[in-house]
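Chemist: One structure coming up, written as structure tokens, with questions to follow.
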Amino acid sequence: MKTVVRLIVILILLALVLGGIFGWKYLKMQEMAAQQSQPQPPVPVETVQLTADNWRAELKSVGSMRAINGVAVSNEVAGVVSEIDFESGQRVSKGDILVRLDDSVDQAALAALEAQARLTNETFRRYSDLLPRNAISQSQYDEARANYQAARADVAQQRAQLDKKTIRAPFDGVVGLRQVDFGEYIAVGTPVVDLNMLDPIYVDYSVPEKQLGSVQAGRNVEVRVAAFPEEVFAGEIEAVAPAVDESSRTLDVRAKLVNPDLKLRPGMFADVRTLASEAERVLTLPRTALAFNTYGDYVFLVTPNDEDQLTAKRTQVTTGRTRGDQVEIVEGLQAGDRVVAVGQLRLRDGQPVSLANGDGETTSDEAQERADDDSATTPGEEAAG
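Those letters in the sequence shown? Residues 290 to 674, by this note's numbering.
Set out below in structure tokens:
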């Protein structure tokens, strides 16, 4: 009998415990349902408006910088370096003296030849006075004249030889590193220094043969180099090769750029953009407004619902070209649409939003900065806030 009573008591207690557990879970489910039935609070966001910009179509290529004129200055005659009149890296003008070779022997030879020329000149002058009086024969006169002319030619030849002992800049440009030293004997053709004309400067690049119509002479180009990634150097096409390379099926193109600060140097790798002659209207958004899912790129389009409450609608878009932080929108939006630029990481499709900072409009640069800050916030920091 006691065993039966004890069993009944245990069953009653077990029923009470189970009832309490199920009752607590039921209350929790009711509470969660009540919370879900309440309207979601709007999420503050900043937006940008889809605008139409003027973009010119462009053809991207890679190329190499090349000096308009570039030579290794060398000597035409052998000799000992007696004077160096330039510093490495210096700008020089055409005709500036770079190096002098010892010319003492040549100067002495020139003096002797000039003395001989003066003597033959005097003889020729006297014979010129004597010939009309028949004091000399015609052959004597002719010989005196020939001797004088030969002496003059010898002087001119020696002066030309002497002038070769002075090495000059053949054109305006910038010299490189000096290759000879004072007192050094240099043989004929020894490189003295490299000289390059850097302003203006060429960029040589190639394009596929199908792009022949995009690279006529006079077409504008823009060039970027790794040494100055934030700068754009402008120029125009100067020449296009008359024939297509049979092995690569490409066409060689040469453009000329102004280079007053000498930032561009021969041999530099260059990113080249050949620009179309006319601009076209395109719709653009800052890159920060775009997100990606399995279906491609999308944005959150801000539109009012039936109750005039602003909501964020996930909208798939088709993108095109990029220019800096701006992305071309080919399909999915129209001019004037307002999309979320900052705050989309916290959004769900159809979620109510409020515009921060008044109308919520922000510029592309501001959107980039704030998006960087937003992405740098960790979930723990967000929850703590």
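Backbone N, C-alpha and C define an ideal beta-carbon position, used for all residues, glycine too.
Since this is a predicted model, take the numbers as computed values, not measurements.
#1: Rounded to a whole number of angstroms, what is the C-alpha to C-alpha distance between residue 409 and residue 394?
#2: Within its chain, find whatever has a CB closer than 8 Å to the CB of residue 451; leave out the 5 residues flanking it on each side and keep chain order.
#3: Cβ of residue 562 within 9 Å of Cβ of residue 512?
#4: Can you tell me which of the three DSSP states residue 301 falls into?
#5: What is the residue span of the alpha helix (DSSP H) that residue 437 lies within?
#6: Confirm, please, whether the CB-CB distance from residue 463 to residue 540 is below 9 Å.
#7: Which partner residues does residue 545 have in the DSSP bridge list?
#8: Tell me which residues share the same chain as residue 714 and place their Cβ nearer than 6 Å to its Cβ, disregarding the 5 neighbours each side in the sequence.
#9: Distance check for residue 443 and residue 380, CA to CA, integer angstroms please.
#10: Using the C-alpha atoms, what's the distance from residue 574 back to residue 615?
#11: Run through DSSP, which three-state label would residue 616 get?
#12: Grab the span of the alpha helix (DSSP H) containing residue 410 for me, first residue to last.
#13: Taking the alpha carbon of residue 689 as the point to measure from, which residue in 608, 497, 605 has its own alpha carbon closest?
#14: Looking at the unbroken beta strand (DSSP E) that takes in residue 423, where does it start and where does it end?
#15: Just confirm the distance between the C-beta atoms of residue 599 and residue 500, as a whole number of angstroms; I'd bet it's less than 8 Å.
#16: Please classify residue 605: does DSSP put it in a helix, a strand, or coil?
Modeler: The answer reads as follows:
#1: Counting from one through the sequence shown, the residue named residue 409 turns up at place 120. Counting from one through the sequence shown, the residue named residue 394 turns up at place 105. Put simply, the backbone Cα of residue 409 is about 23 Å away from that of residue 394.
#2: Stepping through the sequence shown from its first residue, residue 451 is reached at position 162. For residue 451, same chain residues with a beta-carbon under 8 Å away, outside a window of 5 residues either side, are 392, 395, 396, 399 in chain order.
#3: Residue numbering aside, residue 562 sits at position 273 when the sequence shown is read from its first letter. Residue numbering aside, residue 512 sits at position 223 when the sequence shown is read from its first letter. Yes.
#4: For the purposes of this step, residue 301 is identified with residue 12 of the sequence shown, where counting begins at 1. Residue 301: helix per DSSP, three-state reduction.
#5: For the purposes of this step, residue 437 is identified with residue 148 of the sequence shown, where counting begins at 1. Here the alpha helix (DSSP H) through residue 437 covers 427-452.
#6: Translated into the one-based positions of the sequence shown, residue 540 becomes position 251. Translated into the one-based positions of the sequence shown, residue 463 becomes position 174. No, the Cβ-Cβ distance between residue 540 and residue 463 is not below 9 Å.
#7: As a position in the sequence shown, residue 545 is number 256, starting the count at 1. DSSP lists 491, 525 as partners of residue 545.
#8: Residue 714 falls outside the range modelled here, since the chain spans only 290 to 674, and no answer is possible.
#9: Sequence index remark: in the sequence shown, residue 380 carries index 91 (1-based). Sequence index remark: in the sequence shown, residue 443 carries index 154 (1-based). If I take the Cα positions, the gap works out to 37 Å.
#10: As a working mapping, residue 615 is identified with position 326 in the sequence shown. As a working mapping, residue 574 is identified with position 285 in the sequence shown. Going by C-alpha positions, residue 615 is about 6 Å away from residue 574.
#11: Counted from its first residue, the sequence shown places residue 616 at position 327. Taken through DSSP and simplified to helix, strand or coil, residue 616 comes out as strand.
#12: The residue given as residue 410 occupies position 121 in the sequence shown. It spans 393-419 - the alpha helix (DSSP H) in which residue 410 sits, taken as one unbroken run.
#13: Lying before the first or after the last residue shown, residue 689 is absent from the chain, which here runs from 290 to 674.
#14: Sequence index remark: in the sequence shown, residue 423 carries index 134 (1-based). Here residue 423 belongs to no beta strand (DSSP E), and DSSP marks it neither H nor E.
#15: Within the sequence shown, residue 599 is the residue found at index 310, counting from 1. Within the sequence shown, residue 500 is the residue found at index 211, counting from 1. The beta-carbon distance between residue 599 and residue 500, rounded to whole angstroms, is 46 Å. This is too long to meet the 8 Å contact definition.
#16: Walking along the sequence shown from the start, residue 605 turns up at place 316. Under the three-state reduction of DSSP, residue 605 is assigned to strand.
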